[in-house]
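**Student:**
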Amino acid sequence: MLKPDVDSLVPHVPFDRRTFLKTALGATFGGGFAAAVLPVSAQTIHTDAEGLDAGEVGFESNGTLIPAYRAQPRSKTNLPVIVVVHEIFGVHEHIADICRRFAKLGYLAVAPDLFVREGDASVYPTIQQIDQNILSKVPDAQLMSDLDATVDWAGQHGGDLKRLGITGFCWGGRVTWLYAEHNPHLKAAVSWYGRVAGPHTQSAPENPLDLAGELQVPVLGLYGRQDTSIPQDTLAQMKQAIAQGPQGGRGSEFVVYDDAGHAFFADYRASYRRADAQNGWTRTLAWFKSHGVA
């Protein structure tokens with residue numbers, strides 16, 4: 001596992017060295033995959049860090065140290081910013097690799113550990129255990145606050161917040177929708193197979209569908225028609241709700257890949273569909289560029 005440059009990180013947050021070491025070094029950043037996805041596929045993509053400043057950073061959010069993985073072109077500033085929201089597996093190697101892919105294209109990409117208070121999702125051997133021990137305990141309001149802190153950090157460390165975008169995958173796709181509804185200063189968002197409807201709980205009192213009328217940010221939603229976890233009728237409802245919002249449906253778009261299921265972008269899993277993933281990535285980059293995040 002890669003070790004973070006602790007000396008360069010500690011000044012970013014008002015915590016002592018011991019607190020930072022205990023928190024940040026317990027995370028699986030940039031050096032391994034979550035236990036629930038092992039063994040990983042032979043087709044797993046690896047992006048090197050040559051020419052990049054890449055690794056762990058940390059910042060405060062409501063009194064808690066939030067570790068994050070960030071990648072950006074070395075010694076560059078005034079960069080467009082992409083916040084990358086992790087899957088249910090936390091900030092493991094796949095998410096770090098996505099950050100490096102963006103950085104190679106000139107972005108400051110940062111992926112905060114949104115589970116830091118609840119535990120390390122990477123150690124649980126099953127998705128069910130992650131859901132029970134982590135996901136069910138993470139309040140949506142806390143997520144929005146932590147993402148606000150992530151954006152603030154990026155703006156103080158080489159990012160141009162006038163060119164701000166967000167993308168997320170699976171669980172992070174839902175969070176991406178919520179943050180697009182929360183932060184009108186975003187230029188654009190891309191949600192990869194993020195559910196828009198679901199149960200209402202104490203931690204998740206509202207879903208993206210419930211808040212669609214507040215959406216002022218253009219969102220690209222990328223979905224698989226064979227994804228049984230996200231019914232197509234919920235996407236139809238989301239389209240209708242957006243159309244009734246302040247933008248009248250202008251700006252947001254849904255792309256549904258006929259033969260794809262859930263997690264079709266996850267190259268380290270059997271669910272990966274290369275052609276659809278590549279098409280989605282091309283659309284993602286074009287979406288950000290066309291909305292001023294480039």
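Mapping to full-length UniProt numbering: the sequence shown position 15 is 15, numbers consecutive. Every residue, glycine too, gets a C-beta built ideally from N, C-alpha and C.
Here's the rule I'm using: 16 or more other beta-carbon atoms within 10 Å means buried, otherwise exposed. How should aspartate 48 be labelled?
**Tutor:** Label assigned to aspartate 48: exposed.
**Student:** Who are the Cβ neighbours of arginine 101 in its own chain at under 7 Å, not counting the five residues just before and after it?
**Tutor:** These residues qualify, in order along the chain: Thr47.
**Student:** What residues in its chain sit with their C-beta under 8 Å from that of alanine 111, if we drop five residues either side in the sequence?
**Tutor:** If we look at alanine 111 and ignore the five residues flanking it on each side, its Cβ neighbours are Ala68, Tyr69, Arg70, Val83, Val84, Val85, His86, Val91, Ile95, Ala96, Ile98 and Cys99.
**Student:** Beta-carbon within less than 6 Å of arginine 273's beta-carbon, same chain only, minus the 5 sequence neighbours each way: which residues are those?
**Tutor:** So the list reads Ala260 and Phe264, once near-sequence residues are dropped.
**Student:** Within this structure, are the beta carbons of leucine 79 and glycine 106 separated by less than 8 Å?
**Tutor:** The answer is yes: Cβ separation under 8 Å.
**Student:** May I have a chain-ordered list of the alpha helix (DSSP H) segments no shorter than 4 residues that lie completely inside the region 85-172?
**Tutor:** Qualifying alpha helix (DSSP H) stretches, in chain order: 93-104, 127-133 and 140-156.
**Student:** Going by DSSP in three states, glutamine 232 sits in which element: helix, strand or coil?
**Tutor:** Helix at glutamine 232.
**Student:** Keeping to the same chain, check which residues put their C-beta closer than 6 Å to that of phenylalanine 169; ignore five residues upstream and five downstream.
**Tutor:** Here the set comprises Glu87 and Trp192.
**Student:** Can you give me the Cβ contacts of glutamine 232 inside the same chain, cut-off strictly under 6 Å, excluding the 5 residues immediately before and after it?
**Tutor:** Result list for glutamine 232: empty, nothing under 6 Å.
**Student:** Near leucine 235, which residues of its chain fall below 8 Å by C-beta distance, leaving aside the five closest residues on each side in sequence?
**Tutor:** Around leucine 235: Val196, Gly221, Tyr223, Phe254 and Val256.
**Student:** Among the residues of its own chain, which have a CB less than 7 Å from the CB of leucine 164, if the five just before and after it don't count?
**Tutor:** The answer, listed in chain order, is Val81, Val151, His185, Leu186, Lys187 and Val293.
**Student:** Taking alanine 277 as the reference, which of Ile45, Leu211, Phe115 and Val40 has the closest Cα?
**Tutor:** Selected option, being the one with the closest Cα: Ile45.
**Student:** Between the Cα of alanine 149 and those of Ala189, Ile134, Leu38 and Asn183, spot the shortest distance and give me the residue it belongs to.
**Tutor:** If we check each option's Cα against that of alanine 149, Asn183 comes out closest.
**Student:** What does the alpha-carbon distance come out to for the pair aspartate 146 and asparagine 207?
**Tutor:** Cα to Cα, the separation comes out at about 18 Å.
**Student:** Tell me the residue span of the beta strand (DSSP E) that contains aspartate 53.
**Tutor:** Run containing aspartate 53: 52-61, per the beta strand (DSSP E) assignment.
**Student:** Quick one, are the C-beta atoms of valine 190 and threonine 284 less than 8 Å apart?
**Tutor:** It is a contact, given that the beta carbons lie within the stated cut-off.
**Student:** Provide the residue span of the beta strand (DSSP E) that contains proline 68, from first to last.
**Tutor:** What sits at residue 68 in the sequence shown is alanine, not proline. Residues 64-73.
**Student:** Closer than 8 Å by C-beta to threonine 201: which residues in its own chain qualify, once you throw out the five before and the five after it? Chain order, please.
**Tutor:** Contacts found: Ser136.
**Student:** Pull up the CB-CB distance for serine 203 and aspartate 140, whole angstroms please, since I reckon it's below 8 Å.
**Tutor:** At roughly 7 Å, the Cβ-Cβ gap stays under 8 Å, so serine 203 and aspartate 140 are in contact.
**Student:** Under the rule that 16 or more other beta-carbon atoms within 10 Å means buried, what is glycine 51, buried or exposed?
**Tutor:** With fewer than 16 Cβ atoms within 10 Å of its Cβ, glycine 51 is classed as exposed.
**Student:** Thinking C-alpha only, which one of Val219, Gly194 and Glu60 is nearest threonine 228?
**Tutor:** Minimum Cα distance to threonine 228 is reached at Gly194.
**Student:** Apart from the five residues on each side of it in sequence, which residues of its chain come closer than 7 Å, Cβ to Cβ, to isoleucine 242?
**Tutor:** Answer for isoleucine 242: Ala212, Leu215, Gly249 and Ser252, listed in chain order.
**Student:** For serine 122, count the other beta carbons within 10 Å of its own beta carbon; 16 or more makes it buried, fewer makes it exposed. Which is it?
**Tutor:** Buried, since its Cβ has 16 or more Cβ neighbours within 10 Å.
**Student:** Does alanine 188 come out as helix, strand or coil in the three-state DSSP assignment?
**Tutor:** Three-state result, alanine 188: strand.
**Student:** Please confirm whether aspartate 267 and glutamine 43 have their CB atoms less than 8 Å apart.
**Tutor:** Result yes, Cβ atoms of aspartate 267 and glutamine 43 sit closer than 8 Å.
**Student:** What does a CB cutoff of less than 6 Å around glutamate 118 pick up in its chain, not counting 5 residues either side in sequence?
**Tutor:** Cβ neighbours of glutamate 118 beyond the five flanking positions: Ile134, Lys137 and Val138.
**Student:** Where do the N-terminal and C-terminal ends of the beta strand (DSSP E) with glycine 221 fall, by residue?
**Tutor:** 219-224 is the span of the beta strand (DSSP E), which, as asked, contains glycine 221.
**Student:** Ordered along the chain, which non-local residues of its own chain (more than five positions away) have a Cβ less than 6 Å from that of alanine 127?
**Tutor:** Residue identity check: residue 127 is isoleucine in the sequence provided, not alanine. The answer, listed in chain order, is Ala36.
**Student:** Please report the Cβ distance between tryptophan 177 and valine 219, rounded to the nearest whole angstrom; I am assuming they are in contact, meaning their Cβ atoms lie under 8 Å.
**Tutor:** Correct: roughly 7 Å between the Cβ atoms.
**Student:** Roughly how many angstroms lie between the CA atoms of alanine 262 and isoleucine 230, to the nearest whole one?
**Tutor:** Here residue 262 turns out to be histidine, not alanine, going by the sequence shown. One C-alpha to the other measures close to 8 Å.
**Student:** From glutamine 240 to aspartate 53, what distance separates their C-alpha atoms?
**Tutor:** Glutamine 240 and aspartate 53: Cα-Cα distance of roughly 42 Å.
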